[in-house]
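Take a look at the structure below.
Protein chains in written order, with the numbering used here: chain A, 1 to 439; chain B, 440 to 673.
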């Protein structure tokens, strides 16, 4: 029997030796160490079709599509010093949605993939762990999956610009860690920030997540933004900052004084727009516009002015490169590198929670306008995006615009919807019609 | 489309209350029930209370201890045919099981935990002593030392409760109690060896009492007058 076990292990090792493996990209490195059932590092992008999803066809489409994304057909493994991604020959399965969104990826579940495909009635959702890719990668994957699904359902015009084709061989650049490529050595790091305001409140139990989505007309919200000279993201960030400020000042005096701290919103920036990279892994960094309510109550006009100018200054290649330099320096630091993963994990967790997450009050991530070729878009009613939730900020926001509508989704660990209430009431005050859906 | 009269937002046709402010939604007539939930029915369990979690961990601990108990018992019986060395290990496992149980089940009642721990400790020491044949060191050392430790812990718990807002006073009294405990221990042990005298506890007291006195002095005389931040600023 002993021989049997030894032989089986040897065989497995021999087989694994031939499997390809990939380093995690610079932004992904931190996630496997900080993941918990609440801090799942999982985001969701979903598409609601006009007819019910056929599970069999979706599964077939997924099998056809996955070959085009070899860098997603991987499992997460632990090395002595770092986690890494290892190729797998398992087949991902499309499952019926049952649990709350953005549940943590489990290494023992369904082949240990770092993404999952779910369906519920007319909705197809893909959930990705941030160790694998960012929203851009997720959208490209979902678009291709939708196109393939519709093609198998007999839609003839299910292709077009922005949709990959199954025969294509993936470009080597899609695999790369783009941070490492555009990294400038020997430049000073960005300055440290202070601790930011965080929404207080008791967390709901691990594994559950409250989602409240506001559906607004893209035309109305864009004209409100443009009347102030802002982009959609800047407008939503401004309203969000204003709502957080209202929330703080609505508190009883004592609690208000305790909570007072700078409000800072993390806004991820897609770096593919700044650098010509085709990478399908993470390539984003964040800027953090905000105000300090300790200095007094800011009016909406003041906040929009601050956000407007801040974004024009900070979304800049040189400043962004400073951030890349800091992050890469963390990864290439010889001391940190030579610490075994077992010890590095808790260190990274501490750095992430105390150093990174505590510096912002929430996240507003705008996936942007998702455009689908007319042949596909005719069958797709809406696209939504849920950002990865975070137990420290409690509430995070994901925005997508598709077809004449903008979908503003709040994911929250709180049963009270105070922030959402202030936010959407402010939109209504600006003359924007809002429809709310929740899970 | 129904509206929330408070927030001014539209809500789904099947919504009974506003998802933002929980205000009930007024319904005009029977809306068409074609509303489709955007997410599946949520699967919720009532969360376990702290007490339930502790009870479950206690049961798990019990299973562990029972296994250890049976293993020791079997090994001893198989090797020697009767219980010999095993009784020390078994008494230890039993005591460990009661300690774990006391901590898990009564953690909210500190006084009870301290007193029960005293009972378990003295019981365990008495048993180990009796296993040797007769009670010799238990009455002279075991009982008084665990009694002193319990008294010191009770005193510390009392101080911690009363002096919660005065950290300097709390630290001072804690150091003082620790010094007295060491003195008692020193006297007892040296007495058991034949001659009552103060040896190592003197060094302990010399090193901690000045600090205790300083803290005491600071609390009563300096706290209100000296701003440490100003005094020690760099």
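Note that beta-carbon positions come from the ideal geometry of N, C-alpha and C, so glycine has one too.
These numbers come from a predicted model, not from an experiment.
Proximity below 7 Å, CB of residue i to CB of residue j
| i | j | result |
| --- | --- | --- |
| residue 155 of chain A | residue 102 of chain A | no |
| residue 263 of chain A | residue 241 of chain A | yes |
| residue 391 of chain A | residue 105 of chain A | no |
| residue 46 of chain A | residue 143 of chain A | no |
| residue 131 of chain A | residue 224 of chain A | no |
| residue 76 of chain A | residue 117 of chain A | no |
| residue 402 of chain A | residue 382 of chain A | yes |
| residue 406 of chain A | residue 221 of chain A | yes |
| residue 212 of chain A | residue 422 of chain A | no |
| residue 412 of chain A | residue 395 of chain A | yes |
| residue 83 of chain A | residue 24 of chain A | yes |
| residue 281 of chain A | residue 133 of chain A | yes |
| residue 613 of chain B | residue 626 of chain B | no |
| residue 400 of chain A | residue 384 of chain A | yes |
| residue 528 of chain B | residue 511 of chain B | yes |
| residue 59 of chain A | residue 74 of chain A | no |
| residue 415 of chain A | residue 204 of chain A | yes |
| residue 618 of chain B | residue 644 of chain B | yes |
| residue 675 of chain B | residue 543 of chain B | Past the boundaries of the shown model lies residue 675 of chain B; chain B is included only from 440 to 673, so the question cannot be answered. |
| residue 508 of chain B | residue 532 of chain B | yes |
| residue 120 of chain A | residue 148 of chain A | no |
| residue 458 of chain B | residue 324 of chain A | no |
| residue 214 of chain A | residue 432 of chain A | no |
| residue 65 of chain A | residue 152 of chain A | no |
| residue 195 of chain A | residue 33 of chain A | no |
Contact list for residue i against chain A, beta-carbon separation under 7 Å
| i | result |
| --- | --- |
| residue 458 of chain B | 212, 417, 436, 438 |
| residue 481 of chain B | 100, 439 |
| residue 451 of chain B | 437 |
Cβ neighbour criterion (16 or more within 10 Å) applied to residue i
| i | result |
| --- | --- |
| residue 453 of chain B | exposed |
| residue 166 of chain A | exposed |
| residue 348 of chain A | buried |
| residue 184 of chain A | exposed |
| residue 446 of chain B | buried |
| residue 365 of chain A | buried |
| residue 297 of chain A | exposed |
| residue 294 of chain A | exposed |
| residue 136 of chain A | buried |
| residue 575 of chain B | exposed |
| residue 536 of chain B | buried |
| residue 601 of chain B | exposed |
| residue 455 of chain B | exposed |
| residue 333 of chain A | exposed |
Chain A contact residues for residue i, given Cβ-Cβ distances below 9 Å
| i | result |
| --- | --- |
| residue 490 of chain B | Neighbours of residue 490 of chain B on chain A: none; closest Cβ ~16 Å, over 9 Å. |
| residue 440 of chain B | 435 |
Sequence-distant residues of its chain with Cβ nearer than 6 Å to residue i (five each side left out)
| i | result |
| --- | --- |
| residue 266 of chain A | 286, 288, 360, 363 |
| residue 44 of chain A | 101, 102, 125, 127, 386 |
| residue 321 of chain A | 184 |
| residue 611 of chain B | 651, 654, 655 |
| residue 189 of chain A | 326 |
| residue 465 of chain B | none |
| residue 182 of chain A | 275 |
Whole-Å CB distance - residue i paired with residue j, under 8 Å assumed
| i | j | result |
| --- | --- | --- |
| residue 129 of chain A | residue 284 of chain A | Wrong, their Cβ atoms sit about 15 Å apart, outside the cutoff. |
| residue 373 of chain A | residue 159 of chain A | 7 Å |
| residue 434 of chain A | residue 449 of chain B | 7 Å |
Cβ shell of residue i (< 7 Å), same chain only, five flanking positions each side left out
| i | result |
| --- | --- |
| residue 90 of chain A | 111 |
| residue 566 of chain B | 530 |
| residue 139 of chain A | 45, 367, 370 |
| residue 71 of chain A | 22, 174, 175, 280, 281 |
| residue 589 of chain B | 553, 557 |
| residue 424 of chain A | 214, 434, 436 |
Contacts that residue i makes with chain B (C-beta to C-beta distance below 8 Å)
| i | result |
| --- | --- |
| residue 199 of chain A | Per Cβ cutoff of 8 Å: no residues; residue 199 of chain A is ~15 Å from chain B at best. |
| residue 421 of chain A | 446, 459, 460 |
| residue 428 of chain A | 446, 447, 448 |
| residue 97 of chain A | 478, 479 |
Contact set between residue i and chain B, taken where Cβ atoms lie within less than 9 Å
| i | result |
| --- | --- |
| residue 424 of chain A | 446, 447, 448, 459 |
Within chain B, the residues that residue i reaches when beta carbons sit closer than 7 Å
| i | result |
| --- | --- |
| residue 121 of chain A | 475 |
Cβ-based neighbour list, residue i, same chain, cut-off 8 Å, excluding 5 preceding and 5 following
| i | result |
| --- | --- |
| residue 538 of chain B | 556, 559 |
| residue 206 of chain A | 36, 37, 38 |
Beta carbon proximity, residue i to chain D, threshold 7 Å
| i | result |
| --- | --- |
| residue 114 of chain A | Reference to chain D is not applicable here, since the protein chains of this structure are A and B. |
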